[in-house]
Every structure is written in structure tokens, then in C-alpha cells.
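Taking UniProt numbering, the leading residue of the sequence shown gets 1, the next gets one more, and so forth.
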Amino acid sequence: MILYLPTGAGKTYIAVMLLKHLSRDVRKPYQEGGKRSIFVVNTVALVEQQSTYIKRHTDLRCKGYSGDMMVDFWMEEEWITEIEEHETLSAHDRRYSFLQPDYVIGFQNNPYKNTREVSCIAKWNKEVLQRLKNGSSNCIVATDVVDEGIDIPMCTLIIRYDVPTDFRAYVQSKGRARHNLSSYLILVENDDEDFLKKYHQYKDTEKKLKRILVGKNERPLPTQDDIVNGLYSDFDIEPYTVKCDDVVKSRLTEFTAIDLINMYCAALLTSKFVYLVPIWKLDKDDSKNMYRISLKLPNLSPLKDVIYGDFMRSIDGAKRSVAMKTCIQLHKLGALTYPIAFYGAYPQPLRSLYLHVFDCTSLYPVTGYDNRRVIFYNLLNDKSGFGILSTKRLPKIPSFPIFMKDGELNVDVKSNHATIVLSQNNIELLKRFNFLLFSEIIPVIKSFMIFDNDNLENSFVIVPLNDKQEINWEIVETYQDLERITPNIPFHFRTSDYELALVAPNYRYNAVYIVTRVCDDLTPESYFPNEDFDTYTHYYKEKHGLIIENLQQSMLEVKPIPIKINYIKPRKLSEGPLKNKKTDDTVEDLQEHLVPELCYKINFPSVYWLKATTLPSILHRICQILIAEDLRVTIARETKLGTLILKESSSLKIEESVERSNEEDYTNGLELTDDSIEKTLSDETYSDPNLFDLDCNPFMRDQEPRDLYRNIDCIQMIDIQYYNQFMSETCEEDESIKQNANKNIGHYIQRSIISSTPSLSVLTSSDKPSFSQGPNSIEIVHALTTKLGSDMFNLERLETLGDSYLKFIVSLFLYHKFPTFNEGQLTALKGKMIGNRNLYYCGNKKGIPGRIKNDAFVPMSNFIPPAYSVYHPLQKILMDELVAPNVLYEFLIPNMERFTGYISEDTLNMMKQTVSSWDKRDKQTGVEHYLGVQILSDKTVADSVEALIGVYLKNNHIKGAAKLLKWFGILPDVKIDMLLGSISQNPVIGVGDPNYYMPWADTLESKIGYKFKNRAFLLQAFTHPSYTANGITECYQRLEFLGDAILDFLITCYIYENDVNLSPGDLTDLRSALVNNITFACLSVRHGLHTALLAYAPKLHEIIDCFVRFQEERDYVVNDELLYVLIEEDECNITEYVDVPKVLGDLFESLIGAIYLDSGKNLTKVWEIIYSFMHKEIDEFSRNIPKQPIRVIYENTDICPKFLEATLIKGTGMIMVPLKITIAGKEKLFHGFGVNKKQAKCAAAKQALKRLQLEKY
């Protein structure tokens, strides 16, 4: 008898009961027909537990076996031996120890019966699938309820115990596993011929469906042969090779031909206003589904004929074909006077080359008492250094800082410093020097990189310069290889050999030092600096086991070459004792002395080695600036925003606000990202509402009972009782509404008279000549650098500014474009136009994603050295076949092949075998940049687009920024002057006198300091949708829609311009505190605007009166305490009463919208009124920025805050987020509701803060 029992089934008790019942048969010898009992358990621990229990309660011979006892108890010989010697066995099969099983059960989804139990089971089923998804379990036992509605992409095996009854059941169950390595098994009885017939029918049907569907909606997956053949077919078109004396001088490939044609045409005519381009014409052969393209060059070209390419299977292929043929014809005519392989900027022989010099100057003071720092200071300020040599001119590059361990250096790039012509031999010498520089001195050429013979992107050469800023050919010719000199035996020391020399200890890996002084006063027998060792000789013998032979040699004072070579932003030095510092910092800080006898001497100039460590950072920064400059020029050319060539450009400086922001510690888990409901739902892998979408009543989440069956091992009687009690109760909603009909209107504060309103630079007319230059490349760089880029600046402040302008201009456009749309319709359209998805599409069309810096600069990891890349045909295979790029680290290309750039047959075979067996790309690997790929979210691109809008708003103001929106395609082709300056449509839609409804109009105009030209705007601004008596105008909702955007824009502009030192986070907090419904509602009450509200809504007036009395008691103060305690109307819908009626904020916004339209869209006038209303709050909040409620909750660590899992409330579109805190030792739960996760968390946090205030906590 063999039994397998699951956890919690009472195995041990059942085992003893069975043994006692069968004891007579068990006690008989096995040879005489005696029975044996074998108990199989699912964990090793239970083997010992069950064996001990059986021995204690019976006198039977019992033995336990498990996998870690190294006994293969499933072999027949082992079984016979053990069965003869023992009467009962307890065993654990180690073959199945990897299983982490779980189960899913079905239930009757009857909403009128046991709804609590149904909800709990659904929730627990959902958690089972989540555990399977995250790897906590790897096996699920379930009924056919899981056949539909779930999708587990990583499921690799399905075993069906019962045969499927029809084809639908077969397909549904088989479809649960969609991994390309998945298996599907059905357990069938041996004699079930009926099912076997059905099974063959199922397979035939499946084949027919595949034949009909596969390839119709997507291309079929490549076979292994496709991958292998693709790896060897480098080009679809035979390359054109130019030889001289059987030596290959250049080679033209299909990948470079099109760019060469475009470059050739551009070079035919140098004009500021005219650009010559080739003419491409497409011809398609529909019968063969083939394409051919013809090409006609500009008339200035000596090639006058129309060139026809070959018919190809794709348009791209056809274009490459005709480009190849045209290039060949031009070369034969002698029209291509430079090597036809030229595409990038790598130096070519006998052609004008441009030298661009790096001039580095130390900006930190040198301390005379530290000789090591003095020597480094002098070396860094030496006029010798490095530069770029290329075939292309560079625009003027602004100076920028880099930050070494010792201090800040200013880098001034002298673009186009000199023009020279080199021979082929000179270029080969520079090529070898560059290989040495980036493979041994700065080892960044990876094992899978080769020299880019195609001369594509990133192709140039680094050259060493002498103190006259000329190429130092002596260095180039002398140091083609790196020589490490081993000390002679016996060792003879000479001081001259070690002055400013490079040395590396032979007992320490990868550490290179500069000798800053030969210490004639120290020898190996001198006293060691600390008390642990007597002398240096003693130290090396005890610490490293080394014996120093020459005890008279002088010691070397040294300073290490920096190990951390990321110099693009200041290093944060560790504070406190040395032992707390990281290892790399410790090595650089130690004041070491080395023994010459124990060091290799590196034959290379120390000044060039030290300055070589700056090259990755300098080149990284230059690349950023050139990318930004190219975008700036493109925008200037296509929109006329700015000049093509800047007269002057400011240098790059660190933003203090970003530096402070980077120092903030968010390790407490604060989450302030805007998580939309789409993101919340995208994490789920199931969709069947009957099985998984139900949830426990949100008001009872903290009361949910334990799952009895899954926790059976630790369940107690009280858990069972509570489970039954909980499941038997019914859910009842407790509705209570606090009513207060007392009306008490107090005395309200008059608007302050401001002597002068601070001006906003963005409101200055952009027609003035001073704005014609537009932004510079440094400002564009800011807008292209995200916070994840970990640079000394980022786009967040600019994104805040651009976001406010975008909302304003789009709101204004929609207001006029759709005069009949209500506020809800306008808001929906606005959301689509300014949403992340639309901004992504607009940015993507203009190539913004490829220009964004979203990854931290890690020189030894993601810096790509000049003129080196991944083998281009291999890149194409990896991209086309979606092979995970981390396969690159499997390639160890020989040094000679990496240097020459030509791959051998053996290396190609190695690549073929590795790629064919590698995983497909299913997640980000972190090495995509080697393929020229960057993975970005829609929001990242959208943020960069908004930041660019902010840049052009700063420089070209409102009209200029609107032109940029048209360029992006965010705004249609509208007339900006008409949009910003046209007379607004008369709000009157009926007959009557507006003054009839507004006896308070004169008083209100005096109070706000503005007299309306058309009082119909004023009437509309105070007409609530419930006020049906007003037939003259519409209600205020459209004005509120517009006024909200105006307020946000003008207030954001002011705090951006005046609070320049605020970090992006503080700027966002300040903006949120000033631009929100609570602040506007409080201002409405303070100035009595609510008394003019026209509404037929008694209940609304009661709630308004309640809030007014609350403000009267506070003397109408608006402060941070008020902001994070009060609940907005749309933030929470389960409180006893609404604290801040939304209508009060709407009144303030609609009034601003009305003034804007009535004043002829005079933003300056509107800003004067806004500032007069809000100057106290603006000044107060700027000095003491109110924090977001979520941040306030997290900073109150005593309450142990924890946000629980977000839940979508079915049928409402609302998200609920519970917040659990501890007050006086008791846990309290608060539920926040909102249209997205962020708003729901904010609402929950505000409720908790309100409770804390009542508790005086």
C-alpha cells in the first residue's frame, strides 16, 4: 500500500490508524506474504516527523528516506532490501522536490448567495496566479475553470487529467500555455479508442486553422536554418570594392550607399538657402510583388542619366540597389573624388581633416602641503593632451566642466582648430594608437566589438597632442604597444627611472600609480606608518608573503590613477571614518608608498595616461551637445525659431536645484509617480470576471479571514469560527449624511491693492529681434536628459513649465475650435491631445526618442569607444530575429580581428552556433545600446517633448512655443495670432439683460478690480448648471475649463522664473499647493465670490455654508495645514461630508477665464488680477513649500504607514487604495478613491492626516 497525502490532511494520525488496523498483515515476514506500508510525504522534514511518530506509537520497524540521504530508493534492488528489513517506510522523492504547488478552485458565482465567500475565493484564486507569475509557485492544480480567462506567458507544461470533450475544450486548455517551448499532455486510458479518433480530428482541425491564419496577420517565426543562413548572408547586394595593386582601398556597401548619395548631392552646391537633393521614383510590379526605384541626380552632377535599380522584394532594398548603381557610375566618372566608403567622420588619406582640441584647465585651488595633489594638478594643467581628428567640421561647442576626485576641470573644445592632410601610413599609426588607448589604458573595447570598416556612426580618431596643440607623432609612433617592465634580479635602483613614472604593484590587480616623488629619506627598512608592523619589509612579508632583496632602494611616493572615471557630475565624497568609505574611494585616498622592486614599470607617459581617464566623460558630453545642436538647427530650419548659427552660447553649468534634488533620500519607498489605471491593469494576467475579478468588500479588507485550506497547518479553532461567522454575515452599506441648514454669511476680505505686479518674461512679445537667436544647445541638452540619466541637470523643471503652457494653449485652441462642446467633452479632447501617448507619437515622428539620455553614464559599461561597434551584419540579425542582445558577451573575438575589423570563418561559425541556440528577446537586458537601441516609456518621451516646449517658451515666448507645437503636430495648422489675439465670441445666446440677474455686479467688479466690457461674461462665470433661470448665457463650465489652464500657466511661469533654486520636486510641490481646487475655493470664500453664485441647489448651498463657517473660524487663512488636511470633492466619495465643494474652486477659475476673454486675451492684465488675489499665498508657500500629503505621511515614521494594493472598483472606473497606519499602538485603515492610483493614494493620505490632526498626533 502506497499513500501520498497533502499538507494538512492529518498524515501522521492516519498513518498510525492504518498501521494498527493492518498490523496483522504488516507483522508477517515479507517472504510469507506479509504486507508493507509505504508513506510518501512531500517534504524532507515530514519524513523524520512521521517516522518518529510511528515508532513512538507502534512497535513496528520503521525507517525514513529522503533525497538528501543519498539513497536512490526507487531502484528495485534497494526496495527489496529495505522491505525485507522494515515493516513500514516513510519516504520523500527528491525528484519532485523542485515543485512548489498551489491550487485553484471554482465556485458558484451567485451574487445573492454567500457573496463574501465568493469574493474571498476569487481574491485567493487571483493571488494564486500572481504567485505563479512571480515565481513563488511553479505548479497549479485546477479544474477546467482555468481553461478560459487567464494567460500565463511563462507556462511551459499543461497536463490534462480528463480528456477534452470537444475541440473548443481542447483549444482552450492548450491555449493556456503560449511559450514557444510549452508542452501539452493529455492522460488517456489505453483502450480509449473513441478519444483517439477525436484527438486526430482535433489535430487535423488545428493544422487547417494554422494553414489559414499563420502568415496572414504576421510573418512566421524564422527557422533555425533561416537564422544560420541569415548570419552568413551579410548583404543582399554585392559590395563594390576598389582595389589598388590587389590591396583593398575602399568598399561600398548597400548600407552606406544612400547616405553617400545624399552627401554627394549636398556637396554639389554650398548655399545658405538651397539644398540639392536626388529625385527617387518608385515602380511596383504587382504580378511579382516586387519593387524598383529610379534615381535622377541634380543637374549640377555630371551623371545626367536616370539610373534604374533592380527589382527587389522591399522598397528599402530597391532604394539601396539604385543607390549602389549610381555610386558605382559616379566613381567610374571620377565624380566621387574622395573614398566611396566614407560615411562617418573617420580620417581618410589625402583628404582635409579637422583637428578639434580639448583644452582642460583645473578650477580647484592646489594645496601646497600635499605633494601628491600638486603633481596631479600640474599634470592636468599641462598643455599636452588629446583631441579629435575627423573628416567633418564641428559647430562651436560651449565649454563644460568635468569633476575629478581632486576637483573641477573646465573643458574648452576648440572646434576646427587646424586642418591637416595625412597619408595612409599616418592613419594606420593612429588606428593602432587608438586600439591601445581604448583596450589597455581605458579598457572599454569589449570582446565582441570590432573596428568599424564601414565608417558609420561614432567614427573618428583620438589623437595625442603636444604642448603646441599639434599631433604628437613621437608618442604615436613610440607607443604602438604597452610595455610592462619587470624589475631585474638582482634589482638595481636608479632615481631617474622612476620620476613621474607609471608603476603597478605586482601583488595587486588592476591598480596603476603615478610616482609623485622618489623618497630618498625612506627605504624598506624605514618605520611603517602604523603600529601593526615594524618596517615596510615586515609589512610585505607578513601581509603579502614577499621578501624584499634590495633594502637600500628608495621608496616611491605614489598617487593612484582614478578607478572611477565618471567625471560628468561632482562626486559625493563619503564622510566619517575611513572604514565607512567604499573600496575604490579608500584606494584613491590612501597616501601610499611603494617599493620599486615589487612594481612593474609601465612604459607610457603619465600625463597622457592620467588625461586619458577624462576621455569617456569628455566624449560623452560632446556627443550630448552635438545631438542637441543638431535638433536645434533642425527646428530653426523648419520653423524659423532661432538662427542656424548661434553668435554666442553659454557654457554648461551644474544646476544647484538638481544637485540638491539628487541628494534627497527616497529610500523610504516614497512613490510619487503618476500611475494610471492602464498601468494598474496591465500587470494582471487574467481577465475572466467570473473567476478572478471579484474581490472582498473594500470596506472589509482588514477583516478578511484566513484561507483555511492553504493554511491548514497553522489554523486554529478560532480561525474556523471566525471564517464561518464572516462568511455568513451579509454586507450592508452604512449611509449617513451630515446636514446643517444654518446659513451664516460673514464679512469678507477686500482684494489687496498691489503697487506693482512682478512681470513675467514669457508675456513679452516674441516679435522683438532680441528673441531671434532662440535657445542654445545647452538648453536643449537639459530638455533631453531625464532624471534617470543621473546627470548634473535634468528636464524636470523645464517639463513643469512646458506642461503648464501645453495645457493652456491646447485649452484655448479647443475652447474656440468647439464652441458647442461642454466642459466634459473639452476635457476629454484635451486629455487625448496632451496625453503621454499622443506626445510620444508626436515626439517619435521628430526623432526625439533617439536623442534622449535616459541611462546613467557608466564609462566601463555603456561607453562605446570611437570607431568600434558590434559587427553590423550581426546587429541586423539580432534585431530582425529578436535575439536577446546579452548574447554578445558570449563572443570572444580575437584581438587581431577586433583591430582590423575583419571577421574570420571560425569566428563566424562561433557566432552562428551561439545565436542559433540563444533565447529570444523577452525583456530588457541592459545591453541594447550596443545595437543602437534605447528602451523608453511613452511618458519619458512625452516629458522630453514638454521640456522642449518649456525651452522654446523661455526663449521665443508664447507665440514661438505655439509654432513648436505646430511643428510637433500637437496643434493643427492654426493661425497663432488669431488664436492668441482674436476677439472672443459673444457669450450671449438668448435675449435679456445680464444685469437683471446680477444686482451685485458693481460691487463684485469693484472687489476684483476689473470692470467688464461685456457683463455677459460675468453672468456666465457665476451661473451654475442648475440655474435654469438664466437663458442669456451658458453655465460657467466652459469658462472654468479655460480659466483653470490660465491659472496653472501663469502661476507656474511666475514660480519658475522667481524660484530658480527650487529643486524639481519642490517646484512641483509649490505648483500643486498654489494650483488646486482647495486653494481656489478658499480664495473664493475669502473674497465672497460664493455669495454671487447663481444656483438652484439648496443642498449645495448648505455644504458651501458649512465650509464658509470653517474658514471664518480660521480667519480665511490658506496654509499648508489646510491643504493637506482638507479633502477635495473629487478625491473621496465615502466621507461623511464633502469638505471642499468643488464649485467654489470652479467659480474662481471661471472668473479668471471670463476676465481673460473680456480683456481681449490680455494675459498681462489677467496676471495682475491673479497676483493681487494670491500674492500672500505665493510668497508664503514659496518660503515654506507645502509638501504632498503622501510625502508627509511617509515622513511621519512613527505611524508606520503602508499603502496596500490598489483595486479597481467595478462599474465605476475608480481606483481604491487603502492606507494602513498605527496610532497609539492600534492599526487604522483609510480608503482613498480617485481616477488613478496617485489621486487615490493622495485622498487616503489626506484622510489619515485629518485623523492624525484630531488625535493631536
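Glycine residues also receive a C-beta, built at the ideal position from the N, C-alpha and C atoms.
Contact between residue 502 and residue 525 fails: their C-beta atoms lie close to 26 Å from each other, not under 8 Å. Residue 480 sits exposed, since fewer than 16 C-beta atoms from the chains shown fall within 10 Å of its C-beta. Beyond the five residues adjoining it in sequence on each side, residue 303 comes within less than 8 Å, by CB distance, of 297, 326, 329, 330, 333, 335 in the same chain, given in chain order. Under the three-pair Cβ rule at 8 Å, the segment 624-638 does not count as touching the segment 536-545. Across the set 636, 988, 347, 449, the C-alpha of 347 shows the shortest separation from the C-alpha of residue 423. Residue 1146 sits buried, since 16 or more C-beta atoms from the chains shown fall within 10 Å of its C-beta. The Cβ atoms of residue 960 and residue 971 do not sit closer than 9 Å to each other. Residue 1065 and residue 1150 have their C-alpha atoms spaced approximately 29 Å apart.
Cβ-Cβ separation between residue 491 and residue 597: approximately 5 Å, consistent with a contact (criterion under 8 Å). Between residue 252 and residue 312, the CB-CB gap reaches or exceeds 9 Å. The DSSP-derived three-state label of residue 504 is strand.
Taken through DSSP and simplified to helix, strand or coil, residue 960 comes out as helix. Taking a cut-off of 8 Å for Cβ pairs, the segment 997-1011 and the segment 1071-1081 do not touch, as fewer than three such pairs fall below it. In terms of CA proximity to residue 102, 131 leads the group 86, 117, 131. One alpha carbon belongs to residue 882, the other to residue 394, and they sit about 36 Å apart. Where residue 1234 is concerned, there is no enclosing alpha helix (DSSP H), although the beta strand (DSSP E) around it starts and stops at 1226-1234. Take residue 255, set aside five residues on each side of it, and no residue of its chain has a beta-carbon closer than 6 Å to its own. Around residue 535, the same chain offers 525, 528 as residues with beta carbons nearer than 6 Å, after the five sequence neighbours per side are excluded. Counting along the chain, the unbroken alpha helix (DSSP H) around residue 895 starts and ends at 895-900. When Cβ pairs closer than 8 Å are counted between the two stretches, the segment 799-812 is seen not to touch the segment 1023-1036, the count staying below three. Residue 376 carries a helical assignment under DSSP once its states are collapsed to helix, strand and coil.
Classified as exposed, residue 33 has fewer than 16 neighbouring CB atoms from the shown chains inside 10 Å of its CB.
For residue 252, the three-state secondary structure derived from DSSP is strand. Annotation: the continuous alpha helix (DSSP H) that includes residue 1241 extends over 1237-1255. Burial state of residue 1177 is buried, judged by a 10 Å Cβ sphere holding 16 or more other Cβ atoms. Proximity to residue 360 across 777, 1212, 567 peaks at 567, based on C-alpha coordinates. Restricting attention to 500, 441, 457, the CA atom closest to the CA of residue 511 is found in 441. 1208 is the residue among 1225, 1208, 1248 whose C-alpha sits nearest the C-alpha of residue 1235. Counting C-beta pairs closer than 8 Å gives three or more between the segment 939-955 and the segment 785-803, which meets the contact rule. Under the DSSP assignment, residue 293 falls in the beta strand (DSSP E) whose first and last residues are 290-296. For residue 1082, the secondary structure class from DSSP, reduced to helix, strand or coil, is helix.
Taking the Cα of residue 381 as reference, the smallest distance to any Cα among 408, 356, 1158, 210 is reached at 408. Residue 617 carries a helical assignment under DSSP once its states are collapsed to helix, strand and coil.
Across the set 871, 993, 1036, 884, the C-alpha of 871 shows the shortest separation from the C-alpha of residue 904. Per DSSP, the continuous alpha helix (DSSP H) segment holding residue 843 begins and ends at 836-845. The DSSP assignment places 385-390, 400-403, 408-420 as complete runs of the beta strand (DSSP E) inside the segment 361-446, in order along the chain (cut-off: 3 residues).
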